[in-house]
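Novice: Structure below; questions to follow.
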Amino acid sequence: MTFWDHLEELRRVLLRCFIVVAVFATLAFIFKDEVFAIILAPKNPNFLPAIFGFSPDVQIINTELTRQFVVHMTTSVYAGIIVAAPYIIFEFYHFISPGLYEKERRYSTPLVILSYLMFMVGILFCYFILFPITFRFLANYQVDESIQNLISLESYIDTLVFLCLAMGFVFEIPILSWLLGRLGILHRGQMQQYRRHAIVIILIVAAIITPTSDAITLCIVSLPMYLLYEVSILLVPRK
4 MTFWDHLEEL RRVLLRCFIV VAVFATLAFI FKDEVFAIIL APKNPNFLPA
54 IFGFSPDVQI INTELTRQFV VHMTTSVYAG IIVAAPYIIF EFYHFISPGL
104 YEKERRYSTP LVILSYLMFM VGILFCYFIL FPITFRFLAN YQVDESIQNL
154 ISLESYIDTL VFLCLAMGFV FEIPILSWLL GRLGILHRGQ MQQYRRHAIV
204 IILIVAAIIT PTSDAITLCI VSLPMYLLYE VSILLVPRK
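The opening residue of the sequence shown carries number 4 in the numbering used here; numbering runs sequentially from there.
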């Protein structure tokens, strides 16, 4: 294939991906009640076990005339991308796979699948554990009793999306480490030698990701990151 043939094939791939995302986004827009029932579930007081503390049901408000419709549209697009992600990954992998050697193709297939699975595990971890705890802390935090918290819908959605994406990328640490190890950039001795430095970096990153200042949330975020680091040590080759 010529360069222009590749561009034409890429255009077709992007068009098919756009159509699939549009279809799922339209379905998400139509099934609004089901989609937002999932999105707003973490704010409910009975979403987490009592061991994580009790939180009253927090009211989500809207302050702009068009904001609910805009949030509905953007949330539908997010949902469409997430649902269509396996198809998008398949399309792009199918596009680049002819340019790979047989050995590279043999490694790339499980790598792509595991990358997607780890990313989804990170999102689920955030949705079921990290975000509910973060929301409970922030929604009930007051600098003075005379000041009441009124959480806007846009703020709720933005925080949920940011934390889910952040934890999704964090859970890619073992995949990235394995890839760097295969390229000869990283080896097990390096990661073991700089383990203490990694712990400090993990705590800093966890503090940046979590908007709360309590030690419990910091530990909940940093502990999986440290475990992922230890798993990464086992995945990279020795020097």
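We put the CB at the ideal spot given by N, CA and C, even for glycine.
Every value quoted in this text rests on a predicted model; they were computed, and no experiment measured them.
(1) Taking the alpha helix (DSSP H) that cysteine 167 belongs to, which residues open and close that run?
(2) Are cysteine 222 and cysteine 167 touching if we call contact CB-CB under 8 angstroms?
(3) For isoleucine 63, which residues does DSSP report across the bridge?
(4) Buried or exposed for isoleucine 219, please, with buried defined as at least 16 other CB atoms from any protein chain shown within 10 angstroms of its CB.
(5) Per DSSP, what kind of secondary structure is glycine 253 in: helix, strand or coil?
(6) Whose C-alpha, out of Gly125, Asp8, Leu237 and Gly102, is nearest the C-alpha of leucine 189?
(7) Where does threonine 112 sit, in a helix, a strand or coil, going by DSSP?
(8) Could you tell me the boundaries of the alpha helix (DSSP H) in which serine 235 lies?
(9) Look at the Cβ atom of alanine 31, then the Cβ atom of valine 38, and state whether they are nearer than 8 angstroms.
(10) What I want to know is whether the C-beta of aspartate 36 ends up closer than 7 angstroms to one or more non-hydrogen atoms of the ligand GTP.
(11) Glycine 125: buried (16+ other C-beta within 10 angstroms of its C-beta) or exposed?
(12) Please return the same chain residues whose Cβ sits closer than 6 angstroms to the Cβ of asparagine 152, not counting the five positions on each side in sequence.
(13) Which runs of the beta strand (DSSP E), 3 residues or longer, sit entirely within the stretch 80-145?
(14) Pick from Val239, Ile33, Ile63 and Ile212: whose alpha carbon is nearest that of asparagine 47?
(15) Helix, strand or coil, according to DSSP, for threonine 78 in the structure here?
(16) Suppose contacts are defined by Cβ-Cβ distances below 8 angstroms. Is methionine 228 in contact with valine 146 by that definition?
(17) By how many angstroms is the C-alpha of alanine 201 removed from the C-alpha of leucine 2?
(18) Specify, as a first and last residue, the run of the alpha helix (DSSP H) that glycine 184 falls within.
(19) Please report the distance separating the alpha-carbon of alanine 53 from that of alanine 210.
(20) Taking DSSP as the reference, what is the three-state secondary structure of aspartate 147?
(21) Using a Cβ distance threshold of 8 angstroms, determine whether the stretch 68-82 contacts the stretch 93-109, with at least three qualifying pairs required.
(22) My output table needs one value for proline 45: the three-state DSSP class, helix, strand or coil.
(23) Would you call the CB atoms of valine 61 and isoleucine 136 closer than 8 angstroms?
(24) Sort Ala87, Pro89, Thr162 and Arg191 by Cα distance to valine 234 and report the nearest one.
(25) Taking the alpha-carbon of arginine 89 as reference, which of Val224, Ser118, Gln195 and Leu13 has the nearest alpha-carbon?
Specialist: In short:
(1) Looking at the DSSP string, the run of the alpha helix (DSSP H) that includes cysteine 167 is 156-173.
(2) No, the Cβ-Cβ distance between cysteine 222 and cysteine 167 is not below 8 angstroms.
(3) Isoleucine 63 is bridged to Ile154.
(4) Under this definition isoleucine 219 is an exposed residue.
(5) This structure leaves residue 253 out entirely; the chain is present only between 4 and 242.
(6) Minimum Cα-Cα distance from leucine 189 among the listed residues Gly125, Asp8, Leu237 and Gly102 corresponds to Leu237.
(7) Residue state, collapsed to three classes: helix.
(8) 218-238 is the span of the alpha helix (DSSP H), which, as asked, contains serine 235.
(9) Cβ distance < 8 angstroms, so alanine 31 and valine 38 count as in contact.
(10) Of ligands this structure carries none, so the ligand GTP is not represented either.
(11) By the neighbour-count rule (16 or more Cβ atoms within 10 Å), glycine 125 is buried.
(12) Cβ contact annotation for asparagine 152 (same chain, cutoff 6 angstroms, sequence separation greater than five): Ala142, in chain order.
(13) The qualifying runs do not exist here; there are none.
(14) Across the set Val239, Ile33, Ile63 and Ile212, the C-alpha of Ile63 shows the shortest separation from the C-alpha of asparagine 47.
(15) Assignment of threonine 78 by DSSP, reduced to helix, strand and coil, places it in the helix class.
(16) Contact: no.
(17) Residue numbering for the chain in the displayed model covers 4 to 242; residue 2 lies beyond these limits and cannot be assessed.
(18) DSSP places glycine 184 inside the alpha helix (DSSP H), whose first and last residues are 176-185.
(19) Low confidence applies here, because alanine 53 scores a pLDDT of 47, under 50, leaving its location unreliable; read the following figure in that light. Each residue's Cα considered, the two are about 25 angstroms apart.
(20) If DSSP states are grouped into helix, strand and coil, aspartate 147 belongs with coil.
(21) Too few Cβ pairs lie closer than 8 angstroms, so no.
(22) Helix at proline 45.
(23) For the pair valine 61 and isoleucine 136, the CB atoms are not nearer than the 8 angstroms cut-off.
(24) Looking at the Cα atoms, Arg191 is the closest of the given residues.
(25) Strictly speaking, residue 89 in this sequence is proline, with arginine absent from that position. Proline 89 has its Cα closest to that of Ser118, out of Val224, Ser118, Gln195 and Leu13.
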